[in-house]
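Enquirer:
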Amino acid sequence: MANYFITSMEDPMPSAIEIAQAKRVKLFNANGQTAKIVETEYNNAHAYAQRNLGTEGKVINLYQYFQNLNYQDDPVIDRVIINQITQMSGYELRNNAAYKDNKLRLKIGFLYNRLYSIDYYDRYGFLDRTDYYDQGCLSFTDFYEDKGRLVLTQYYNDNGKPIILMHYRGGEGNSPILTLIQLYYRDVWHNFDSATAFRAYFFDELAQNDLKAVFFADRSERTLYEFQQMKQIIPRYLIFHSSVTVNGQRNGRLFGMYECISDMLNQGSLNGLISSTNQEADDVANIFKTNHSYAIPVTYASGNIKPVSFANRSPYNLIAVARLSEEKRLDHIIRAVIKLKPKYPQLNLTFYGYEQSTTDKVTGPSLHNLVIQNHAQNYIHFAGFQNNLDNVYNNAWLEILTSKYEGFAMALLEAQEHGCPAVAYNINYGPKEIITDNYTGKLVQAGNEAQLVQTLNALLSHPAILADYSKNAYSVVRKYSFSNVANAWHNFELRENLVN
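Residue numbers 1 to 500, in UniProt numbering, belong to the letters of the sequence shown in order.
#1: Taking the beta strand (DSSP E) that residue 109 falls in, what are its first and last residues?
#2: Using the rule of at least 16 other Cβ atoms within 10 Å of the residue's Cβ for burial, across every protein chain shown, is residue 359 buried or exposed?
#3: If you draw a straight line from the C-alpha of residue 35 to the C-alpha of residue 58, how long is it?
#4: Taking only three categories from DSSP, how would you classify residue 191?
#5: Put residue 351 into one of helix, strand or coil per three-state DSSP.
#6: Which residues in the same chain have their Cβ closer than 8 Å to the Cβ of residue 377, if we skip the five residues on either side of it in sequence?
#7: Could you tell me which uninterrupted alpha helix (DSSP H) segments, each at least 4 residues in length, are contained entirely in the segment 3-55, listed from first to last along the chain?
#8: Please state whether DSSP places residue 175 in a helix, a strand or coil.
#9: Please classify residue 253: is it buried, with 16 or more other beta-carbons within 10 angstroms of its beta-carbon, or exposed?
#10: Measure the CB-CB distance between residue 390 and residue 418 and report whether it falls below 8 Å.
#11: Starting from residue 364, follow the alpha helix (DSSP H) in both directions and report where the run begins and ends.
#12: On the DSSP bridge assignment, give the partners of residue 92 in chain order.
#13: Compare the beta carbon distance of residue 392 and residue 352 with 8 Å and say whether it is the shorter of the two.
#14: Buried or exposed: which applies to residue 455, given that a residue is buried once 16 or more other Cβ atoms fall within 10 Å of its Cβ?
#15: Is there a Cβ of chain B sitting closer than 8 Å to that of residue 63, yes or no?
#16: Which residue or residues does DSSP assign as beta-bridge partners of residue 381?
#17: Does DSSP classify residue 119 as helix, strand or coil?
#18: Look up residue 431 in the DSSP assignment and say whether it is helix, strand or coil.
#19: So the beta strand (DSSP E) residue 442 belongs to, where does it begin and stop?
#20: Please identify the residue among 336, 299 and 490 whose C-alpha is closest to the C-alpha of residue 434.
#21: Assign residue 95 to buried or exposed, taking buried as 16 or more other Cβ atoms, counted over all protein chains shown, within 10 Å of its Cβ.
#22: Once DSSP output is grouped into helix, strand and coil, what is the label at residue 204?
#23: What does DSSP give as the partner residues of residue 167 in its beta bridges?
#24: For my contact list, residue 398 and residue 452 are in at a C-beta cut-off of 8 Å; report their separation, rounded to the angstrom.
#25: Less than 8 Å separating the beta-carbons of residue 380 and residue 248?
#26: Exposed or buried, what is residue 345 when buried is set at 16 or more other beta-carbons lying within 10 Å of its beta-carbon?
#27: Taking the CB atoms as reference points, tell me whether residue 413 and residue 310 lie closer together than 8 Å.
#28: Beta strand (DSSP E) containing residue 399: first to last residue?
#29: On the premise that residue 481 lies in contact with residue 301, defined as a C-beta separation below 8 Å, what is that separation, rounded to the nearest angstrom?
#30: Buried or exposed: where does residue 441 fall if 16 or more other Cβ atoms within 10 Å of its Cβ makes it buried?
#31: Closest by CA to residue 178, which one among 185, 169, 186 and 475?
#32: Reducing DSSP to helix, strand and coil, say where residue 57 ends up.
#33: Touch check for the segment 202-217 and the segment 234-249: three-plus C-beta pairs under 8 Å?
#34: Residue range of the beta strand (DSSP E) that residue 129 falls in?
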């Protein structure tokens, strides 16, 4: 049996979903099963991302699958390409640009110290096209019309032949709208009216070439509609990484992307649903009226964390690990720390996580402004995303989580396995299953800022309690051990008749 975990793409600064996928691949491989990560978006940082996540040789990318490029690891080839282009055209190369008669004709871009792009300008200064390179190979080209709007993107195979064409037309605000995709594959041109149809065809190709394939969707927005359009009949499952309802409650309004799930289960284009906690699995079973709802933790504890004495942690050092987005309610933490600072002069708070998302460009600046308005820059800090938080967890007195909802709260498990006590709003889903209240941390009424301040004050004024919580946390996370999570997956496979 081969397992395929589907996402948009791996990033050098990965999200919790991609981190969970990488760990899941290791778990399946350790149990003798084939497991691959499937990317549906073009990834120009694949080499760097895979090195960071340890997934080299474990990733299938839609575009790479059809392009079949012969990547060149030696960056010397990049300079050869640049010299060939400039010399053949008679251009004068200055730094990362080329000129003819003192007019800009080429602009050269680099990414991760490799040749990434070359912009081509005509004699009137119009941008005509941009060639994009991937590990020493010409990968695709964007073509522009005279108003600078994208009209065509074409992807090449290793012989330089265009094999994927994406056609665009002008939309509202003169923005390009994808109207047609053409794929040259197996000596035939295939036409697709949408990216969804293109991805569905790709999924069918994977399934057709692997009769024992099982698909797991980690990104519902890149898979659910595609699953419905697939022609191959294989087991398909959706893994939830957050709440399925807007308010995180069983009787709440479904997120729009999940409204098709009941029909998909009835039609057989979806075989089952996987949540990270028992509570969400029960709620999901009730919401979608299915007996195929399972609870499997999205990750597992490392098992090799060396305990740190609480006395060696930085006093009054608080952390929050989350992207700066509205649903995380990080302003609650900021206001709480500001109120407590006069009583605890050593108090310090640091946020670790993405500063800005593509869907929320307001919350990050708003949080920074809140800190500035309260003159708290000296003790409230934003550290951004970091790949490794071991030292952060090992030095913290407390981690705080104030989200409106979660799917599991991986950061809580990471903190607890490092012996870092936690204070969290008692939300759906995750905190109550990870934190043992009054033993490894404290659960606070969801959204109650006054109780959050009271709880933090009580713990900060009694470091001995925090020391006990720290010691207890190391042992409690054993229920999320590698072997226990592996057993949960095996039990799921048995119930779904995926293995004997």
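We put the CB at the ideal spot given by N, CA and C, even for glycine.
Expert: So, from the data block:
#1: Segment 103-111, the beta strand (DSSP E) holding residue 109.
#2: It is exposed - the Cβ of residue 359 has fewer than 16 other Cβ atoms within 10 Å.
#3: Each residue's Cα considered, the two are about 7 Å apart.
#4: Three-state DSSP puts residue 191 in a strand.
#5: DSSP places residue 351 in strand when its eight states are reduced to three.
#6: Cβ within range, chain order: 371.
#7: Listed in chain order, the complete alpha helix (DSSP H) runs (minimum 4 residues) inside the segment 3-55 are 16-30 and 46-53.
#8: If DSSP states are grouped into helix, strand and coil, residue 175 belongs with coil.
#9: Exposed is the call here.
#10: Yes, the pair counts as a contact, with Cβ atoms nearer than the cut-off.
#11: 363-373 is the span of the alpha helix (DSSP H), which, as asked, contains residue 364.
#12: DSSP lists 99 as partners of residue 92.
#13: Contact: yes.
#14: The residue in question, residue 455, is buried, as its Cβ has 16 or more Cβ neighbours within 10 Å.
#15: Any reference to chain B falls outside this structure, which holds one protein chain only.
#16: Answer is 350.
#17: Residue 119: strand per DSSP, three-state reduction.
#18: In the structure shown, residue 431 falls within a helical segment according to DSSP collapsed to helix, strand and coil.
#19: Start and end: 441-444.
#20: Of 336, 299 and 490, the residue nearest in Cα terms is 299.
#21: That one is exposed.
#22: It is helical.
#23: DSSP lists 152 and 180 as the beta-bridge partner residues of residue 167.
#24: Taking a contact as a CB-CB distance under 8 Å, the pair residue 398 and residue 452 does not count as one, their CB atoms being some 12 Å apart.
#25: Taking 8 Å as the cut-off, the beta carbon of residue 380 is found no closer than this to the beta carbon of residue 248.
#26: With a threshold of 16 other beta carbon atoms within 10 Å, residue 345 falls short and is exposed.
#27: Contact check for residue 413 against residue 310 fails: the beta carbons are separated by 8 Å or more.
#28: Counting along the chain, the beta strand (DSSP E) containing residue 399 begins and ends at 398-401.
#29: So it is a contact: roughly 6 Å between Cβ atoms.
#30: With 16 or more Cβ atoms within 10 Å of its Cβ, residue 441 is classed as buried.
#31: Measuring from the Cα of residue 178, the nearest candidate turns out to be 169.
#32: Residue 57 falls in the coil class under three-state DSSP.
#33: Yes: the two stretches touch, three or more of their Cβ pairs being nearer than 8 Å.
#34: Taken as a continuous stretch (DSSP letters only), the beta strand (DSSP E) holding residue 129 covers 127-134.
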